[in-house]
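Asks: Below is a structure I'd like to ask you about.
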Amino acid sequence: MDPTYQARAFFGGPTGPNYSSPRGLLDIPGWQQMDPGAAAQAVEVSAYPDRYRNYEPVAESILTALTRGGGPGLGAGGAASASSRVVFPLPEGTWVLTSPFGMRTHPITGEQKLHTGTDFAAPDGTPILAAADGVVTVAEFSGGYGGLIVVEHTIDGQTVATAYAHMWQHGIHVHAGDRVMAGQHIGDVGSSGMSTGAHLHFEVRPGGTGGEAIDAAAWLNQHGAADLPTATSGSPAACNTAGTPGAPSGVDGDPDRLVDDPTSSGKITARMLHLYQQTLAAFPDTGWGCYSPRPGTKSEHPLGRACDITFGNRIGQRPTPAQLDAGWKVTNWMKDNADVLGVEYLIWQGKIWSLGRDADGWRPYNGGGMHDPASITGGHYDHLHVTVKAG
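UniProt numbering numbers the first residue of the sequence shown as 1 and each following residue consecutively.
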(Lines of atoms letter the chains of each structure in order from A; the text may use other names.)
(Lines give C-alpha, C1' and ligand atoms only; values in the text may rest on other atoms or scores of the structure.)
Protein backbone atom coordinates (compact mmCIF):
# COMPACT_ATOMS: atom_id res chain seq x y z
CA MET A 1 0.00 0.00 0.00
CA ASP A 2 1.30 3.43 -0.95
CA PRO A 3 0.23 5.73 1.94
CA THR A 4 0.68 8.87 -0.15
CA TYR A 5 -1.61 7.55 -2.89
CA GLN A 6 -4.15 6.28 -0.35
CA ALA A 7 -4.28 9.66 1.38
CA ARG A 8 -4.72 11.51 -1.92
CA ALA A 9 -7.42 9.07 -3.04
CA PHE A 10 -9.29 9.40 0.26
CA PHE A 11 -9.36 13.20 0.17
CA GLY A 12 -9.98 13.35 -3.60
CA GLY A 13 -10.99 16.72 -5.04
CA PRO A 14 -10.08 18.10 -8.48
CA THR A 15 -6.41 17.14 -8.03
CA GLY A 16 -7.15 13.68 -6.62
CA PRO A 17 -5.98 10.57 -8.53
CA ASN A 18 -9.52 9.27 -9.13
CA TYR A 19 -11.45 12.51 -9.76
CA SER A 20 -14.40 12.32 -9.92
CA SER A 21 -15.19 8.62 -9.42
CA PRO A 22 -14.92 7.08 -6.92
CA ARG A 23 -15.54 10.16 -4.81
CA GLY A 24 -13.09 11.46 -2.25
CA LEU A 25 -13.95 13.42 0.86
CA LEU A 26 -13.60 16.80 -0.89
CA ASP A 27 -16.08 15.66 -3.57
CA ILE A 28 -18.91 15.11 -1.05
CA PRO A 29 -21.21 18.14 -0.54
CA GLY A 30 -21.40 19.27 3.07
CA TRP A 31 -18.65 16.97 4.35
CA GLN A 32 -17.47 19.65 6.80
CA GLN A 33 -20.74 19.36 8.74
CA MET A 34 -20.84 15.55 8.74
CA ASP A 35 -20.01 13.30 11.66
CA PRO A 36 -16.44 11.99 11.02
CA GLY A 37 -17.66 8.39 10.96
CA ALA A 38 -20.41 9.24 8.48
CA ALA A 39 -17.95 11.18 6.32
CA ALA A 40 -15.55 8.23 6.23
CA GLN A 41 -18.41 5.88 5.33
CA ALA A 42 -19.51 8.22 2.52
CA VAL A 43 -16.04 7.86 1.00
CA GLU A 44 -15.34 4.19 1.65
CA VAL A 45 -18.94 2.87 1.23
CA SER A 46 -18.33 -0.06 3.57
CA ALA A 47 -20.76 -2.96 3.79
CA TYR A 48 -20.68 -2.28 7.54
CA PRO A 49 -21.89 1.32 7.68
CA ASP A 50 -21.24 1.83 11.41
CA ARG A 51 -17.66 0.56 11.46
CA TYR A 52 -15.99 3.98 11.15
CA ARG A 53 -18.17 5.59 13.80
CA ASN A 54 -17.60 2.62 16.12
CA TYR A 55 -13.83 2.99 15.83
CA GLU A 56 -13.84 6.79 16.06
CA PRO A 57 -12.92 6.85 19.79
CA VAL A 58 -9.95 4.56 19.09
CA ALA A 59 -8.81 6.81 16.24
CA GLU A 60 -9.10 9.87 18.46
CA SER A 61 -7.05 8.20 21.19
CA ILE A 62 -4.32 7.31 18.71
CA LEU A 63 -4.32 10.83 17.28
CA THR A 64 -4.10 12.33 20.75
CA ALA A 65 -1.22 10.04 21.73
CA LEU A 66 0.68 10.88 18.55
CA THR A 67 0.19 14.64 18.70
CA ARG A 68 0.34 15.41 22.44
CA GLY A 69 3.59 13.80 23.43
CA GLY A 70 2.74 11.35 26.16
CA GLY A 71 -0.37 13.00 27.57
CA PRO A 72 -3.37 10.84 28.40
CA GLY A 73 -5.66 9.89 25.54
CA LEU A 74 -9.39 10.26 25.33
CA GLY A 75 -11.51 8.05 27.49
CA ALA A 76 -13.18 8.05 30.86
CA GLY A 77 -12.05 9.60 34.12
CA GLY A 78 -9.37 12.01 35.19
CA ALA A 79 -9.26 15.75 35.70
CA ALA A 80 -9.71 18.18 32.86
CA SER A 81 -6.49 18.54 30.88
CA ALA A 82 -4.91 21.99 30.67
CA SER A 83 -5.47 23.74 27.36
CA SER A 84 -5.61 27.22 25.91
CA ARG A 85 -7.38 26.32 22.65
CA VAL A 86 -11.03 27.40 22.42
CA VAL A 87 -13.24 26.80 19.38
CA PHE A 88 -16.74 27.91 18.44
CA PRO A 89 -19.35 25.30 19.48
CA LEU A 90 -21.07 25.07 16.06
CA PRO A 91 -19.67 24.57 12.53
CA GLU A 92 -19.01 27.73 10.55
CA GLY A 93 -21.95 28.97 8.49
CA THR A 94 -24.60 26.91 10.30
CA TRP A 95 -25.82 29.33 12.96
CA VAL A 96 -27.37 32.71 13.70
CA LEU A 97 -27.08 34.45 17.09
CA THR A 98 -30.66 34.89 18.25
CA SER A 99 -30.71 35.65 21.99
CA PRO A 100 -27.75 37.01 24.00
CA PHE A 101 -26.87 36.66 27.66
CA GLY A 102 -28.81 39.04 29.92
CA MET A 103 -32.26 40.00 31.14
CA ARG A 104 -35.11 39.18 28.77
CA THR A 105 -38.77 38.21 28.60
CA HIS A 106 -38.86 34.41 28.53
CA PRO A 107 -40.50 33.31 25.24
CA ILE A 108 -42.56 30.58 26.95
CA THR A 109 -43.31 31.75 30.50
CA GLY A 110 -43.42 35.47 29.77
CA GLU A 111 -41.31 36.14 32.88
CA GLN A 112 -38.64 38.84 32.96
CA LYS A 113 -35.53 36.93 34.05
CA LEU A 114 -31.82 36.43 33.42
CA HIS A 115 -31.01 34.43 30.30
CA THR A 116 -27.90 32.60 31.48
CA GLY A 117 -26.66 31.52 28.07
CA THR A 118 -26.26 32.70 24.51
CA ASP A 119 -28.61 31.17 21.93
CA PHE A 120 -27.52 30.23 18.43
CA ALA A 121 -30.29 29.10 16.08
CA ALA A 122 -29.21 26.25 13.79
CA PRO A 123 -30.96 23.47 11.86
CA ASP A 124 -32.10 20.48 13.90
CA GLY A 125 -29.28 17.91 13.94
CA THR A 126 -26.41 20.38 13.40
CA PRO A 127 -23.27 19.03 15.15
CA ILE A 128 -22.44 20.60 18.52
CA LEU A 129 -18.69 20.83 19.16
CA ALA A 130 -16.80 20.84 22.44
CA ALA A 131 -15.45 24.35 22.98
CA ALA A 132 -12.20 23.09 24.52
CA ASP A 133 -10.45 19.97 25.80
CA GLY A 134 -12.02 18.69 28.98
CA VAL A 135 -14.01 16.10 30.91
CA VAL A 136 -17.78 15.62 30.61
CA THR A 137 -19.44 16.10 34.01
CA VAL A 138 -23.09 16.06 32.91
CA ALA A 139 -24.76 14.25 30.00
CA GLU A 140 -28.45 13.86 30.73
CA PHE A 141 -31.98 14.67 29.64
CA SER A 142 -34.05 16.57 32.19
CA GLY A 143 -35.76 19.82 33.14
CA GLY A 144 -35.87 23.08 31.26
CA TYR A 145 -32.53 22.44 29.59
CA GLY A 146 -33.83 19.26 27.95
CA GLY A 147 -30.77 17.43 26.69
CA LEU A 148 -27.79 18.89 28.57
CA ILE A 149 -24.03 18.36 28.33
CA VAL A 150 -21.57 20.08 30.66
CA VAL A 151 -17.80 19.87 30.11
CA GLU A 152 -15.17 21.07 32.59
CA HIS A 153 -11.91 22.52 31.25
CA THR A 154 -8.67 23.91 32.62
CA ILE A 155 -7.88 26.99 30.53
CA ASP A 156 -4.99 29.29 31.37
CA GLY A 157 -4.74 27.55 34.73
CA GLN A 158 -8.39 28.20 35.64
CA THR A 159 -11.29 25.76 35.87
CA VAL A 160 -14.26 26.69 33.70
CA ALA A 161 -17.26 24.70 32.48
CA THR A 162 -19.19 25.02 29.25
CA ALA A 163 -22.80 23.86 28.96
CA TYR A 164 -24.74 22.86 25.84
CA ALA A 165 -28.53 22.57 26.06
CA HIS A 166 -31.77 21.56 24.29
CA MET A 167 -30.51 18.43 22.49
CA TRP A 168 -32.92 15.59 21.85
CA GLN A 169 -32.23 12.37 23.78
CA HIS A 170 -30.68 10.79 20.68
CA GLY A 171 -28.56 13.90 20.15
CA ILE A 172 -26.35 13.36 23.22
CA HIS A 173 -23.19 11.55 22.08
CA VAL A 174 -21.05 11.53 25.24
CA HIS A 175 -21.29 10.25 28.81
CA ALA A 176 -20.26 11.71 32.16
CA GLY A 177 -16.58 10.96 32.67
CA ASP A 178 -15.65 11.03 28.98
CA ARG A 179 -12.63 13.12 28.01
CA VAL A 180 -13.21 15.22 24.92
CA MET A 181 -11.11 17.39 22.63
CA ALA A 182 -11.74 20.91 21.37
CA GLY A 183 -13.91 20.66 18.26
CA GLN A 184 -15.09 17.11 19.00
CA HIS A 185 -18.68 16.33 17.95
CA ILE A 186 -20.41 15.80 21.30
CA GLY A 187 -24.07 16.35 20.45
CA ASP A 188 -26.66 17.55 17.95
CA VAL A 189 -28.79 20.69 17.97
CA GLY A 190 -32.37 20.02 19.05
CA SER A 191 -35.36 21.75 20.63
CA SER A 192 -36.08 19.85 23.85
CA GLY A 193 -36.95 21.28 27.25
CA MET A 194 -38.07 24.91 27.48
CA SER A 195 -37.42 25.64 23.82
CA THR A 196 -39.60 26.84 20.96
CA GLY A 197 -37.22 26.16 18.06
CA ALA A 198 -34.02 24.32 17.16
CA HIS A 199 -31.02 26.07 18.70
CA LEU A 200 -27.97 25.67 20.92
CA HIS A 201 -28.16 27.33 24.33
CA PHE A 202 -24.47 27.77 25.25
CA GLU A 203 -23.26 28.70 28.74
CA VAL A 204 -19.86 29.47 30.28
CA ARG A 205 -19.48 28.86 34.03
CA PRO A 206 -16.21 29.98 35.69
CA GLY A 207 -15.23 27.71 38.57
CA GLY A 208 -16.78 24.57 37.14
CA THR A 209 -20.07 22.77 36.62
CA GLY A 210 -21.95 24.56 39.41
CA GLY A 211 -20.46 27.99 38.73
CA GLU A 212 -22.46 31.13 37.97
CA ALA A 213 -22.81 31.75 34.23
CA ILE A 214 -21.18 34.72 32.49
CA ASP A 215 -21.64 36.20 29.00
CA ALA A 216 -20.62 33.33 26.71
CA ALA A 217 -20.22 35.62 23.69
CA ALA A 218 -17.66 37.76 25.51
CA TRP A 219 -15.80 34.64 26.65
CA LEU A 220 -15.64 33.24 23.11
CA ASN A 221 -14.39 36.60 21.86
CA GLN A 222 -11.71 36.80 24.56
CA HIS A 223 -10.36 33.40 23.56
CA GLY A 224 -10.27 34.13 19.84
CA ALA A 225 -13.09 31.73 18.93
CA ALA A 226 -15.58 34.35 17.69
CA ASP A 227 -16.27 38.02 17.06
CA LEU A 228 -19.74 38.40 18.54
CA PRO A 229 -21.71 41.35 19.92
CA THR A 230 -21.78 41.18 23.71
CA ALA A 231 -24.63 42.03 26.05
CA THR A 232 -24.33 45.10 28.29
CA SER A 233 -26.63 45.96 31.16
CA GLY A 234 -29.46 48.15 29.98
CA SER A 235 -28.64 47.82 26.30
CA PRO A 236 -31.16 46.59 23.72
CA ALA A 237 -28.99 43.50 23.20
CA ALA A 238 -29.44 42.51 26.82
CA CYS A 239 -33.20 42.20 26.61
CA ASN A 240 -35.12 40.35 23.94
CA THR A 241 -38.43 42.23 23.67
CA ALA A 242 -40.48 39.56 21.94
CA GLY A 243 -42.88 40.74 19.28
CA THR A 244 -41.11 44.00 18.43
CA PRO A 245 -38.71 43.13 15.59
CA GLY A 246 -36.93 45.96 13.84
CA ALA A 247 -37.09 46.76 10.14
CA PRO A 248 -34.96 44.45 7.97
CA SER A 249 -32.23 45.56 5.60
CA GLY A 250 -31.74 44.70 1.93
CA VAL A 251 -29.37 42.09 0.51
CA ASP A 252 -25.87 43.07 -0.60
CA GLY A 253 -24.29 42.01 -3.89
CA ASP A 254 -25.84 39.78 -6.54
CA PRO A 255 -29.08 38.52 -4.96
CA ASP A 256 -29.28 35.53 -7.33
CA ARG A 257 -25.83 34.08 -6.62
CA LEU A 258 -26.00 30.62 -5.08
CA VAL A 259 -24.70 30.15 -1.54
CA ASP A 260 -24.71 27.29 0.96
CA ASP A 261 -28.11 26.55 2.50
CA PRO A 262 -27.76 26.41 6.31
CA THR A 263 -30.73 24.00 6.50
CA SER A 264 -29.45 21.38 4.04
CA SER A 265 -26.47 20.34 1.92
CA GLY A 266 -27.92 22.20 -1.08
CA LYS A 267 -27.70 25.77 -2.35
CA ILE A 268 -30.03 28.75 -2.07
CA THR A 269 -29.86 32.25 -3.49
CA ALA A 270 -28.17 35.04 -1.56
CA ARG A 271 -31.55 36.79 -1.31
CA MET A 272 -33.12 33.68 0.24
CA LEU A 273 -30.26 33.36 2.72
CA HIS A 274 -30.59 37.04 3.60
CA LEU A 275 -34.31 36.65 4.30
CA TYR A 276 -33.55 33.56 6.42
CA GLN A 277 -30.96 35.46 8.47
CA GLN A 278 -33.08 38.59 8.88
CA THR A 279 -36.17 36.61 9.90
CA LEU A 280 -34.31 34.32 12.28
CA ALA A 281 -32.73 37.33 13.99
CA ALA A 282 -36.18 38.90 14.46
CA PHE A 283 -38.01 35.64 15.25
CA PRO A 284 -35.51 33.16 16.73
CA ASP A 285 -38.11 30.54 17.65
CA THR A 286 -38.76 29.42 14.08
CA GLY A 287 -37.83 26.18 12.30
CA TRP A 288 -36.61 26.23 8.69
CA GLY A 289 -36.26 23.95 5.68
CA CYS A 290 -35.17 25.48 2.36
CA TYR A 291 -33.45 23.66 -0.51
CA SER A 292 -35.09 20.40 -1.58
CA PRO A 293 -34.69 18.60 -4.96
CA ARG A 294 -38.42 17.67 -5.32
CA PRO A 295 -38.18 15.90 -8.70
CA GLY A 296 -41.30 15.92 -10.87
CA THR A 297 -42.79 19.02 -9.27
CA LYS A 298 -42.90 22.69 -10.16
CA SER A 299 -41.31 24.32 -7.15
CA GLU A 300 -38.88 27.06 -6.18
CA HIS A 301 -37.26 24.85 -3.52
CA PRO A 302 -34.85 23.18 -6.00
CA LEU A 303 -34.02 26.66 -7.35
CA GLY A 304 -33.00 27.85 -3.90
CA ARG A 305 -35.71 30.51 -3.80
CA ALA A 306 -38.11 29.02 -1.24
CA CYS A 307 -38.22 28.00 2.42
CA ASP A 308 -40.83 26.36 4.66
CA ILE A 309 -41.10 27.66 8.23
CA THR A 310 -42.63 26.14 11.36
CA PHE A 311 -43.30 27.69 14.76
CA GLY A 312 -42.56 25.00 17.32
CA ASN A 313 -44.82 22.40 15.71
CA ARG A 314 -43.73 19.64 13.35
CA ILE A 315 -44.69 19.21 9.70
CA GLY A 316 -48.00 17.35 9.64
CA GLN A 317 -49.05 18.80 13.01
CA ARG A 318 -51.38 21.76 13.31
CA PRO A 319 -49.90 24.61 15.36
CA THR A 320 -51.27 25.39 18.80
CA PRO A 321 -53.08 28.74 19.23
CA ALA A 322 -49.84 30.32 20.50
CA GLN A 323 -47.87 28.86 17.58
CA LEU A 324 -50.53 30.04 15.14
CA ASP A 325 -50.26 33.55 16.55
CA ALA A 326 -46.47 33.39 16.21
CA GLY A 327 -46.89 32.23 12.62
CA TRP A 328 -49.09 35.18 11.74
CA LYS A 329 -46.59 37.59 13.30
CA VAL A 330 -43.81 36.24 11.08
CA THR A 331 -46.07 36.11 8.02
CA ASN A 332 -47.30 39.68 8.41
CA TRP A 333 -43.76 40.92 9.08
CA MET A 334 -42.58 39.34 5.82
CA LYS A 335 -45.59 40.75 3.98
CA ASP A 336 -45.05 44.25 5.39
CA ASN A 337 -41.36 44.14 4.42
CA ALA A 338 -41.77 42.26 1.14
CA ASP A 339 -40.10 44.95 -0.99
CA VAL A 340 -36.96 45.08 1.13
CA LEU A 341 -36.74 41.31 1.63
CA GLY A 342 -37.58 40.45 -1.98
CA VAL A 343 -40.61 38.32 -1.09
CA GLU A 344 -42.56 37.18 -4.16
CA TYR A 345 -45.38 35.28 -2.42
CA LEU A 346 -46.44 33.68 0.86
CA ILE A 347 -48.71 30.68 1.56
CA TRP A 348 -50.14 30.17 5.06
CA GLN A 349 -53.33 28.75 6.57
CA GLY A 350 -54.97 27.88 3.25
CA LYS A 351 -54.34 31.34 1.78
CA ILE A 352 -51.83 32.89 -0.61
CA TRP A 353 -50.56 36.45 -0.87
CA SER A 354 -48.33 37.74 -3.66
CA LEU A 355 -46.58 41.06 -4.06
CA GLY A 356 -47.75 41.26 -7.68
CA ARG A 357 -51.38 41.06 -6.54
CA ASP A 358 -51.07 42.96 -3.28
CA ALA A 359 -54.30 44.84 -4.00
CA ASP A 360 -56.18 41.51 -3.88
CA GLY A 361 -54.94 40.75 -0.37
CA TRP A 362 -55.02 37.17 0.87
CA ARG A 363 -56.69 34.79 -1.59
CA PRO A 364 -57.81 31.15 -1.15
CA TYR A 365 -54.98 28.73 -2.00
CA ASN A 366 -55.94 26.02 -4.49
CA GLY A 367 -52.85 23.84 -4.17
CA GLY A 368 -51.19 25.07 -7.33
CA GLY A 369 -52.06 21.85 -9.14
CA MET A 370 -49.61 19.88 -6.96
CA HIS A 371 -50.98 19.86 -3.41
CA ASP A 372 -54.26 18.98 -1.73
CA PRO A 373 -55.31 22.32 -0.23
CA ALA A 374 -57.63 20.54 2.20
CA SER A 375 -54.80 18.61 3.88
CA ILE A 376 -52.74 19.97 6.76
CA THR A 377 -49.51 20.13 4.79
CA GLY A 378 -50.96 20.69 1.31
CA GLY A 379 -52.94 23.66 2.57
CA HIS A 380 -49.93 24.99 4.48
CA TYR A 381 -51.73 24.82 7.81
CA ASP A 382 -48.59 23.41 9.47
CA HIS A 383 -46.00 25.68 7.86
CA LEU A 384 -45.48 29.01 6.17
CA HIS A 385 -44.09 28.89 2.62
CA VAL A 386 -42.10 31.87 1.36
CA THR A 387 -40.71 32.34 -2.15
CA VAL A 388 -38.33 35.17 -2.99
CA LYS A 389 -38.09 36.76 -6.40
CA ALA A 390 -35.38 36.21 -8.98
CA GLY A 391 -33.51 39.15 -10.45
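Ideal placement from N, C-alpha and C gives every residue a C-beta, glycine not left out. Computed from a predicted model, the values in this text were never measured in an experiment.
(1) Assuming LEU200 contacts PHE120 under a Cβ cut-off of 8 Å, what Cβ separation, rounded to an integer in Å, is found between them?
(2) Count the C-beta pairs between the segment 246–261 and the segment 335–342 that are closer than 8 Å, then say yes if the count reaches three, no if not.
(3) Kindly give me the distance between the Cβ atoms of VAL259 and THR209, rounded to whole angstroms, as I take these residues to be in contact under 8 Å.
(4) To test your reading of the DSSP string, which unbroken beta strand (DSSP E) runs of 3 or more residues are found completely within the segment 302–348?
(5) Taking just the CA atoms, how far does THR230 sit from THR118?
(6) Check the C-beta distance from MET194 over to GLY144 and give it rounded, since I have them as a contact under 8 Å.
(7) List the residues that DSSP assigns as beta-bridge partners of PHE141.
(8) For GLU44, name the three-state secondary structure that DSSP assigns.
(9) Whose C-beta lies closer than 7 Å to the C-beta of LYS389 among residues of the same chain, with five residues either side of it excluded?
(10) Ordered along the chain, which non-local residues of its own chain (more than five positions away) have a Cβ less than 7 Å from that of VAL138?
(11) Taking the alpha carbon of LEU129 as the point to measure from, which residue in GLY361, VAL180 and ILE155 has its own alpha carbon closest?
(12) Output the distance between the C-alpha atoms of LEU74 and ALA322, rounded to the nearest integer angstrom.
(13) Mapping DSSP to helix, strand and coil, what is ASN366?
(14) Is it true that the CB of ALA213 sits closer than 7 Å to the CB of THR116?
(15) In this structure, does DSSP put PHE283 in helix, strand or coil?
(16) Hey, ILE352 and ARG363: beta-carbon distance below 7 Å or not?
(17) Note down the Cα distance separating ALA161 from TYR291, rounded to an integer number of angstroms.
(18) Compute the Euclidean distance between the alpha carbons of ARG346 and ASP256, then round it to the nearest angstrom.
(19) Please tell me whether GLY350 and TYR365 are closer than 7 Å, where the distance is taken between their beta carbons.
(20) Beta strand (DSSP E) containing ARG104: first to last residue?
(21) What is the rounded straight-line gap between the Cα of PHE11 and the Cα of TRP31?
(22) Going straight from the alpha carbon of HIS173 to that of GLU140, what length do you get?
(23) Tell me where the alpha helix (DSSP H) around THR4 begins and ends.
(24) Terminal residues of the continuous beta strand (DSSP E) containing ILE353?
(25) Suppose you measure from the CA of TRP168 to the CA of SER142; what does that come to, to the nearest Å?
(26) Quick one, which of GLY24, TYR381, ARG205 and ASN313 has its alpha-carbon nearest SER191's?
(27) From ARG305 to MET272, what distance separates their C-alpha atoms?
(28) Return the first residue and the last residue of the beta strand (DSSP E) that ALA163 is part of.
(29) Out of ASN18, PRO14, MET34 and HIS274, point me to the one whose CA is closest to ALA338's CA.
(30) With a 10 Å radius around its C-beta and 16 neighbouring C-beta atoms as the bar for buried, classify ASP360 as buried or exposed.
(31) For the candidate residues GLU203, GLY367 and TRP95, whose alpha-carbon lies nearest to that of residue 432?
(32) For VAL135, which option in ILE155, GLY13 and GLN278 has the closest C-alpha, if you only look at C-alpha atoms?
(33) Give the single residue among GLY197, GLY183, GLN184 and ALA182 whose Cα lies nearest to the Cα of HIS166.
(34) Less than 7 Å between the beta carbons of ALA42 and VAL86, yes or no?
(35) Look at VAL96 and GLN277 and say whether their C-beta atoms are less than 7 Å apart.
(36) What does DSSP give as the partner residue(s) for SER99 in the beta ladder?
Replies: Well, looking at it:
(1) 5 Å
(2) yes
(3) Incorrect: roughly 39 Å between the Cβ atoms, too far for contact.
(4) 306–310 and 343–348
(5) 10 Å
(6) 4 Å
(7) GLY147
(8) helix
(9) GLY342 and GLU344
(10) These residues qualify, in order along the chain: LEU148, ILE149, VAL150, ALA176 and THR209.
(11) VAL180
(12) Reliability fails at LEU74, whose pLDDT of 44 lies under 50, so the model's placement of it is uncertain and no value is given.
(13) Shown here, ASN366 sits in coil according to DSSP, grouped into three states, outside any helix or strand.
(14) Yes; because the gap between Cβ atoms is below 7 Å, this pair is in contact.
(15) coil
(16) ARG363 sits close to ILE352, with the two beta carbons spaced by under 7 Å.
(17) 37 Å
(18) Residue identity differs from the one stated: residue 346 is Leu in this sequence, not Arg. Going by the C-alpha atoms only, they are around 19 Å apart.
(19) yes
(20) 102–105
(21) Rounded to the nearest angstrom, the two C-alpha atoms are 11 Å apart.
(22) 10 Å
(23) 3–11
(24) The amino acid occupying residue 353 in the given sequence is Trp; Ile does not appear at that position. Segment 351–354, the beta strand (DSSP E) holding TRP353.
(25) 10 Å
(26) Ranking the options by Cα distance to SER191, first place goes to ASN313.
(27) 6 Å
(28) 158–167
(29) HIS274
(30) When all chains shown are included, ASP360 counts as exposed.
(31) Nothing in the structure corresponds to residue 432, since the chain is present only between 1 and 391.
(32) ILE155
(33) GLY197
(34) no
(35) yes
(36) Beta-bridge pairing links SER99 to ASP119.
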